[in-house]
Amino acid sequence: TAACFDRGLLTGKTVFITAGPTREPLDPVRYISNHSSGKMGYALAEAAQDAGATVKLISGPVNLPAPERIERVSVQSADDMLTASLSGLEQCDIFIAAAAVADYRPTAISEHKIKKGSEEIMELHLVKNPDIVATVATHDHKPYTVGFAAETQDVLSYARGKLERKHLDMIIANDVSRSDIGFNSDENAVTVVTSGSEQELPQASKRQLAGQLIEKIAQSYHLTR
Ligand code: CTP
Ligand code: CA
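The UniProt record's numbering runs 176 ahead of the 1-based position in the sequence shown.
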């Protein structure tokens, strides 16, 4: 089968994968986050390992067991995820950013639980988080860098914008306006975009899709190195 044939496509290569949401604390008991399940990132980690890679899975808080024989680094905030992503980056050949990183975090973390005031309206002040994949892609030692773009409209044009702005080698675009697939589902359908190509991968389980994506990523990686 194709899967057997492809075994070894990433032998000797090190792949870093970010997965899941981040949690941005407000106070000791509260945080800002999102509904990312981490399933796509975890499926990619398994597929990369099946292809022979050494995988570091940098994971936000998810309800998934650590895949067997894969190094998992558990993180909470975007800042933690950035630190874990930059640590050992010199050894990284391919970086895949599947995490749903919170775009903003509270400007300050309250030391104590924030009390409910008498005002009806409460304002939160947020500050932009670092862009992890863009930081990796502009690093002295730039691995082959892959991002995801979850969009609800103009999917391909936004994805192309991110590919260029973040200096990525590939971006995997998906339409999250469809409630049947994507964010929290077991299935997904994506378009693989590079500066010179565009290819649709039809709806499939995240596990099947992960195998196809790792194959595409490995082929493109070998072509550009
Ligand atoms: N990403 C990242 N660090 C961030 C934000 C995003 O590494 N602080 C990565 C994601 O993991 C994904 C890609 O960038 O691979 C695109 O994420 P997305 O949220 O779609 O893009 P943004 O640049 O945050 O733009 P927006 O949310 O406004 O669409
Ligand atoms: Ca975002």
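Just so you know, even glycine gets a beta-carbon here, dropped at the ideal spot from N, CA and C.
To which residues of the same chain is L185 closer than 6 Å at the C-beta, ignoring the five residues directly before and after it?
On the sequence shown, position 9 is the one that residue 185 refers to. Cβ neighbours of L185 beyond the five flanking positions: A227, A394.
With respect to 7 Å, is the separation between the Cβ of D351 and the closest non-hydrogen atom of ligand 1 below this value?
Locating residue 351 in the sequence shown gives position 175, counting from the first residue. Checking every heavy atom of ligand 1 against the Cβ of D351, none is found closer than 7 Å.
Tell me the DSSP secondary structure of I285 in three-state form.
Here residue 285 corresponds to residue number 109 of the sequence shown, with the count starting at 1. Correct three-state label for I285: coil.
Looking only at its chain, what residues have a beta carbon closer than 6 Å to the beta carbon of A326, apart from the 5 residues adjacent to it on each side?
Within the sequence shown, residue 326 is the residue found at index 150, counting from 1. Here the set comprises N350, V352.
With 16 as the cutoff for other CB atoms within 10 Å, does Q375 come out buried or exposed?
In the sequence shown, the residue the question calls residue 375 occupies position 199. Label assigned to Q375: exposed.
Beta carbon nearer than 7 Å to a non-hydrogen atom of ligand 2
This criterion selects V277, D279.
Among P201, P197, G387, S373, nearest to H288 - alpha-carbon criterion:
Here residue 288 refers to the residue found at position 112 when the sequence shown is read from its first residue. When the alpha-carbon of H288 is set against those of P201, P197, G387, S373, the nearest one is in P201.
Cβ-heavy atom distance, F324 to ligand 1, below 7 Å:
Mapped onto the sequence shown, residue 324 falls at position 148. F324 has its CB nearer than 7 Å to a heavy atom of ligand 1.
Identify the residues that DSSP records as bridge partners of L385: which are they?
The count along the sequence shown starts at 1 and reaches residue 385 at position 209. DSSP lists no partner for L385.
Return the Cβ separation of K348 and V322 in integer angstroms, given the expectation that the two are a contact with Cβ distance under 8 Å.
Numbered from 1 along the sequence shown, position 172 holds the residue referred to as residue 348. Numbered from 1 along the sequence shown, position 146 holds the residue referred to as residue 322. Checking the displayed sequence, the identity of residue 348 turns out to be Ile instead of Lys. Confirmed, Cβ separation roughly 7 Å.
Could you give the DSSP three-state label for L332: helix, strand or coil?
Indexing the sequence shown from 1 puts residue 332 at position 156. DSSP places L332 in helix when its eight states are reduced to three.
Report yes if the C-beta of I393 is less than 7 Å from at least one heavy atom of ligand 3; otherwise report no.
Ligands displayed in this structure: ligand 1 and ligand 2; ligand 3 is not among them.
Can you check whether the CB of G387 is closer than 8 Å to the CB of A223?
Here the question's residue 223 lines up with position 47 in the sequence shown. Here the question's residue 387 lines up with position 211 in the sequence shown. In contact: A223 and G387 (Cβ atoms closer than 8 Å).
Own chain, CB closer than 8 Å to A254, minus 5 neighbours either side, in chain order
Counted from its first residue, the sequence shown places residue 254 at position 78. Annotation for A254: T198, E200, V277, A278, R281, N305, P306, I308 place their beta carbon closer than 8 Å to its own, counting only its chain and skipping 5 residues before and after.
Cβ-Cβ separation, V303 to T283 (assumed contact under 8 Å), whole Å:
Sequence index remark: in the sequence shown, residue 283 carries index 107 (1-based). Sequence index remark: in the sequence shown, residue 303 carries index 127 (1-based). Confirmed, about 5 Å.
Please state the DSSP three-state secondary structure of L186.
Reading the sequence shown from its first residue, position 10 is the one you call residue 186. Coil.
Spatially closest choice to I272 from T367, V231, A380, S212, by CA coordinates:
If you number the sequence shown from 1, residue 272 lands on position 96. Minimum Cα distance to I272 is reached at V231.
Could you check what DSSP says for Q395 in three-state terms: helix, strand or coil?
Residue numbering aside, residue 395 sits at position 219 when the sequence shown is read from its first letter. It is helical.
Nearest-angstrom beta carbon gap, I193 and L233 [assumed within contact, 8 Å]:
For the purposes of this step, residue 233 is taken as the residue at position 57 of the sequence shown. For the purposes of this step, residue 193 is taken as the residue at position 17 of the sequence shown. Rounded, the Cβ-Cβ distance is 5 Å, consistent with contact.
F181, buried or exposed, once every other Cβ within 10 Å from all chains shown has been counted against 16:
Within the sequence shown, the letter at position 5 stands for residue 181. Residue placement at F181 cannot be trusted, given a pLDDT of 49 that sits under 50; what the coordinates show is reported in the next sentence. Around the beta-carbon of F181, fewer than 16 other beta-carbon atoms lie within 10 Å, marking it exposed.
Got a sec? Which residues, its chain only, sit under 6 Å from M298 by beta carbon, not counting five neighbours each side?
Numbered from its first residue, the sequence shown carries residue 298 at position 122. Same-chain partners within the cutoff: there are none.
Using only the heavy atoms of ligand 1, determine whether one of them is closer than 7 Å to the beta carbon of V309.
For this step, residue 309 is matched to residue 133 along the sequence shown. Checking every heavy atom of ligand 1 against the Cβ of V309, one is found closer than 7 Å.
Mapping the DSSP letters down to three states, classify M298 as helix, strand or coil.
On the sequence shown, residue 298 is found 122 positions in, with the first residue counted as 1. Reduced to three states, the DSSP call for M298 is coil.
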